[in-house]
Each structure stands twice: as C-alpha cells, then as structure tokens.
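Step one of this worksheet: look at the structure below.
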Amino acid sequence: MNCPACRSPLISVEYLQVEADHCADCGGVWLDAGELEHLSQLTGGLDAPPESRAMPDCAEARRKCPICRAWMEKRATVTAPPVVWDACPRGHGVWFDRNELAAVLARGRTDGAKVVEWLGGVFAAGMDAETDGATPKAGGPGNTQQGESTP
1 MNCPACRSPL
11 ISVEYLQVEA
21 DHCADCGGVW
31 LDAGELEHLS
41 QLTGGLDAPP
51 ESRAMPDCAE
61 ARRKCPICRA
71 WMEKRATVTA
81 PPVVWDACPR
91 GHGVWFDRNE
101 LAAVLARGRT
111 DGAKVVEWLG
121 GVFAAGMDAE
131 TDGATPKAGG
141 PGNTQQGEST
151 P
C-alpha cells in the first residue's frame, strides 16, 4: 500500500493491538476502519475520538484512499484551532499528515503521555523490527494493492 500524500510505500506496524501504516518519508499515518476508535480507548479516551465535521471547502491537497482510491473527505475537529485529516468516504480508514494524529488524539479525552508512548512505539517499531510488542509488516501478505508491487 502506498502513501496517499507522497506515494512512498507505507510500513505496516502493529503496536499494542493497533495496526498503523506509517510513511517514513512524509511522516503520515493511515489507520484502518475502527483503529482510531481503538487507539482512542487505548490511550485513555472514554468513548471515541473528538467530534469532527466535514470540511468540503478545505484548501489542503486532496488525497485518495490507499485502499479503494476514492477521493477522501476532509474532516476537522470542532474545537479551535481545527485539526484537519482525511477520511475514506467508503469507510476504509483515515489518513493523518505528520503530527495530525497526535493533535487529534490530544483533543479527545485521552492521556497525553499514553498518546506519546503509543506514537513513539509505532515509529520505533517501524524503524527496528526487534522492538518488543511491535510487529513490522512492510511487504507482508496483504500489504499491496492488486497491480502494485513492493520495492
């Protein structure tokens, strides 16, 4: 699967029961459907990530879902200043550019230290296959779209 922002291959990493696909080049993160909610609960959120609203007139570059290639919808937190991210209209998942995931989780009812710990674990796992509790999956089965190949 390739990055919706820069088209580099994404590195799939599972850390503490949440799988994230991380782009080492641009720092973005893809979470499949349900993983954002699971991450919010894991980091101390009581229910779901913060409330968001559609941003159809957002000036940020549009991105395609790395799974179905549909144009993703821009979403933003309702609290100021808004944090904008991309969501697949078919429900496949969400894309966060560098630092957006941490900012979104910080807006929810989460434990900031747990958010930092989880994000640090994901990025460390992507860099080091020997990290305890993490399973890098780059190039593994199911990580390419039909017609794509891994480098």
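Just so you know, my numbering puts 61 at position 61 of the sequence shown, and the rest follows in order with no gaps.
Yeah, the Cβ is synthetic: ideal placement off N, Cα and C, and Gly gets one too.
Model, not experiment: these values are computed from the prediction.
Cβ neighbour criterion (16 or more within 10 Å) applied to Gly142: With a pLDDT of only 36 at Gly142, under 50, the local geometry of the prediction cannot be trusted, and the value read off the model is given with reservation. When all chains shown are included, Gly142 counts as exposed.
Determine which residues share a DSSP beta bridge with Arg75 and list them. Ala54, Trp85
Quick check: Pro4 and Lys74, are their CB atoms within less than 7 angstroms of each other? no
Suppose the cutoff is 7 angstroms on Cβ atoms and the five residues either side in sequence are ignored; what does the same chain contact list for Trp85 look like? Arg75, Val94, Trp95, Phe96, Glu100, Val104
From what residue to what residue does the beta strand (DSSP E) around Glu19 run? 18–22
List the endpoints of the continuous beta strand (DSSP E) containing Glu14. 11–15
Ser12 vs Cys23 beta-carbon contact at 7 angstroms: no
Does the separation of the CB atoms of Pro89 and Ala70 fall below 7 angstroms? yes
Short Cβ contact (7 angstroms threshold) for His92 with Cys68: yes
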